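Numbering that gives the first Met the number 0 applies: residue 0 is where the sequence shown begins, and numbers increase by one.
From the three backbone atoms N, C-alpha and C, an ideal C-beta is built for every residue, glycine too.
Predicted, not measured: the structure shown is a model, and the values here were computed from it.
Okay, structure first, notes after.
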Amino acid sequence: MSPRSRMLAGFLAANLVVAAVAALVLLQRPASPPLIQGVLLPQGRELGQFRLLDHRNEAFTNADLRGRWHLVSYGFTTCPDICPTTLSQLVTLTRELRQTPYPDLQVLFYSVDHRRDTARQLASYVSFFDPGFIGLTHLDEADNPHLPFEKSLGIVAQLVPQLTPEAAGDPNAYQVNHGVALFLINPEGELQAVFEPDNPLPGQHSFDPQQVLLDYLAIRRYLG
Numbered sequence: 000m001s002p003r004s005r006m007l008a009g010f011l012a013a014n015l016v017v018a019a020v021a022a023l024v025l026l027q028r029p030a031s032p033p034l035i036q037g038v039l040l041p042q043g044r045e046l047g048q049f050r051l052l053d054h055r056n057e058a059f060t061n062a063d064l065r066g067r068w069h070l071v072s073y074g075f076t077t078c079p080d081i082c083p084t085t086l087s088q089l090v091t092l093t094r095e096l097r098q099t100p101y102p103d104l105q106v107l108f109y110s111v112d113h114r115r116d117t118a119r120q121l122a123s124y125v126s127f128f129d130p131g132f133i134g135l136t137h138l139d140e141a142d143n144p145h146l147p148f149e150k151s152l153g154i155v156a157q158l159v160p161q162l163t164p165e166a167a168g169d170p171n172a173y174q175v176n177h178g179v180a181l182f183l184i185n186p187e188g189e190l191q192a193v194f195e196p197d198n199p200l201p202g203q204h205s206f207d208p209q210q211v212l213l214d215y216l217a218i219r220r221y222l223g
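Structural data, given as structure tokens:
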């Protein structure tokens, strides 16, 4: 066989290998969207332009979401049960993700109680669970640059004043009510999925880390 023929044969063989690998990848990718404990969006949904403050007292914007998958939990640092339970479950999730091909998930905790949850308070809170978690809050600003973040994700929260004589005139006399969900944001900074808790009973919302893990891996495999 001439050198030219050998080179051509090698080129064809290499192309066949590439084609075989590509076919294998396509065969392994699910043909239909996975069913998850929540909602998977067929196309990522763009978030409005927002500006927040992270636990390092630095600005956090849409640009900080790009280039990596993020999982957003929300609540407040003085929450007695649901928030610490959820974050503990996310610690388990991220630990198990390290054993998979998709360990690059960044957890964000967004506080809906910005009056009490300063950057310093958040820094202490999130690091208790995992030094890699990022805490987010916002400042009182006239243009409310945090609202596009909340509205784009569908965050539900309310500060309810305590209507008692003892609470009169106290700006911190309020309770925080909030929903429970996890928001998956893709590397384009778009909302890709919403994970819902396994237990729908009020006051008993919780996530099964194994279920969230399986759902996340299914989404990653489906999207390629």
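Residues Arg-67, Trp-68 of the same chain have their beta carbon placed closer than 8 angstroms to that of Asp-103, with the five preceding and five following residues left out of the count. For Phe-194, the closest C-alpha among the options Leu-70, Arg-55, Asp-53 is that of Leu-70. Remark: three or more beta-carbon pairs, one from each stretch, lie closer than 8 angstroms, so the region 207 to 214 and the region 33 to 52 are flagged as touching.
Here Asn-176 carries a strand assignment [DSSP, helix/strand/coil]. The beta carbon of Pro-186 sits closer than 7 angstroms to the beta carbons of Arg-65, Gly-66, Arg-67, Trp-68 from its chain, once the five residues preceding and following it are set aside; these are given in chain order. C-alpha of Phe-206 to C-alpha of Leu-96: approximately 16 angstroms in a straight line. Under the three-pair Cβ rule at 8 angstroms, the region 142 to 154 does not count as touching the region 119 to 127. By the Cβ neighbour-count rule, Phe-127 is exposed, with fewer than 16 other Cβ atoms within 10 Å of its own.
For the 9 angstroms CB-CB criterion, Val-155 and Ile-81 do not form a contact. A Cβ-Cβ separation of about 15 angstroms leaves Leu-92 out of contact with Ile-133 under the 8 angstroms criterion.
Rounded to the nearest whole angstrom, the C-alpha separation of Leu-181 and Asp-197 is 12 angstroms. Nearest neighbour of Glu-149 by Cα position, chosen from Pro-130, Thr-84, Asp-53, Phe-49, turns out to be Phe-49. The beta-carbon separation of Val-125 and Tyr-73, rounded to 12 angstroms, does not stay under the 8 angstroms limit for a contact. Of the residues Leu-89, Pro-79, Pro-83, the one whose Cα lies closest to the Cα of Tyr-215 is Leu-89.
A direct Cα-to-Cα measurement between Leu-46 and Gln-174 gives close to 28 angstroms. Shown here for Ala-192: same chain residues with a beta carbon closer than 7 angstroms to its own, the five before and five after excluded, namely Ile-35, Gly-37, Val-38, Leu-39, Leu-40, Leu-183, Ile-218 in chain order. As a beta-bridge residue in DSSP terms, Tyr-73 pairs with Tyr-109. Secondary structure note for Ile-154: it is in no alpha helix (DSSP H), with a DSSP letter that is neither H nor E. Between Phe-75 and Asp-116, the beta carbon gap of about 6 angstroms places them in contact (Cβ cut-off 8 angstroms). Within the same chain, Cβ atoms closer than 7 angstroms to the Cβ of Thr-77 are found at Arg-115, the five residues on either side in sequence being excluded. Look at Ala-30 here: in three-state DSSP terms it is coil, with no helix or strand label. The beta carbons of His-137 and Gln-157 sit no closer together than 9 angstroms.
In this structure, Leu-86 sits near Asp-129, with a CB-CB distance shorter than 9 angstroms. The beta carbons of Leu-51 and Tyr-101 sit no closer together than 9 angstroms.
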